[in-house]
């Protein structure tokens, strides 16, 4: 079983839809959970991260972590064509760790006008 | 204009040649990283460095070498020993914030070896 699993998609939605992107993981030592957005042929951009369980909201984006299920989600409300990108989840170990991230393979999202 | 720069954007080399990819950052971050991204495989860590003159192997270090002589610079050499060098290479710098190394990525270098 891979440490981090992420459905590669592609996921296609109409403009204005609510998008749900998910990752599952197997390592219970993960404490930090990140979401990156990567446009085609560009470097990933850090969107947001959460520590341990709970929710975090930033504008149209909400990150959710359920450590009991080893499941994390990113919700995008009122999706826009500019949200079309590949979304990568990433995870890191305990506080003060070396900072090495374990990435999912990414989900490709397309928002149609 | 702060950020991470990688050059060149596209690089072509013949098999058997070593090639060095540049990565520079002016964010004053202590940590720097090199990743490789292949279609359908996500990002894989090649090397990382948390202080000048020190670096550690990541998951796929074979066939690669790095140096960290300056805080701002972390060049990656892809040697002829790397069996499948064609890939998209991403450099990142990291700062410690709240116990987490927040990693910020450069624009990447696409290397093609024929």
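Protein chains in written order, with the numbering used here: chain H, 1 to 113; chain X, 1 to 114. Where is the CB? At the ideal position from N, CA and C, for every residue including glycine. Quick caveat: nothing in here was measured; it's all calculated off a predicted structure.
In the three-state reduction of the DSSP assignment, residue 53(H) falls in the coil class, being assigned neither a helical nor a strand state. By the C-beta density criterion, residue 25(H) is buried, having at least 16 other C-beta atoms within 10 angstroms.
Taking all protein chains shown into account, residue 12(H) has fewer than 16 neighbouring C-beta atoms within 10 Å of its C-beta and is therefore exposed. Taking the Cβ atoms as the reference, residue 83(H) lies roughly 6 angstroms from residue 76(H), within the contact range of under 8 angstroms.
For the pair residue 69(X) and residue 53(X), the Cα-to-Cα distance works out to about 6 angstroms. In the structure shown, residue 78(H) adopts coil according to DSSP, grouped into three states. In the structure shown, residue 58(H) falls within a strand segment according to DSSP collapsed to helix, strand and coil. In the DSSP secondary-structure assignment, residue 104(X) is bridged to 93(X). Put simply, the stretch 43 to 61 of chain H does not touch the stretch 16 to 23 of chain H. Fewer than three CB pairs are less than 8 angstroms apart. Among the residues facing chain X, residue 49(H) is included, as its CB has a counterpart in that chain under 8 angstroms away. Between the alpha carbons of residue 69(H) and residue 16(H) lies a distance of about 29 angstroms. Linking residue 78(X) to residue 62(H) through their CA atoms gives a straight-line distance of about 39 angstroms. From the listed residues 112(X), 108(X), 114(X), 113(X), the smallest Cα separation to residue 41(H) is found for 108(X). The beta carbon of residue 38(X) lies closer than 6 angstroms to those of 87 in the same chain, with the five residues before and after it left out.
Cβ proximity to chain H below 8 angstroms picks out 48, 50, 56, 58 from the stretch 48 to 71 of chain X. Distance from the CA of residue 5(X) to the CA of residue 83(X), rounded to the nearest whole angstrom, comes to 26 angstroms. Counting of Cβ neighbours within 10 angstroms places residue 28(H) among the exposed residues, the total staying below 16. At a beta-carbon threshold of 8 angstroms, none of the residues of chain H lie near residue 12(X); the nearest stands roughly 16 angstroms away. Taking CB atoms only, residue 16(X) has no neighbour in chain H less than 8 angstroms away.
Nearest CB-CB separation between residue 104(X) and chain H: below the 8 angstroms threshold. Secondary structure note for residue 74(X): it is in no beta strand (DSSP E), with a DSSP letter that is neither H nor E. Under the Cβ criterion of 8 angstroms, residue 32(H) is counted among the residues facing chain X. A Cβ-Cβ distance of about 11 angstroms is found for the pair residue 47(X) and residue 92(X), leaving them out of contact under the 8 angstroms criterion.
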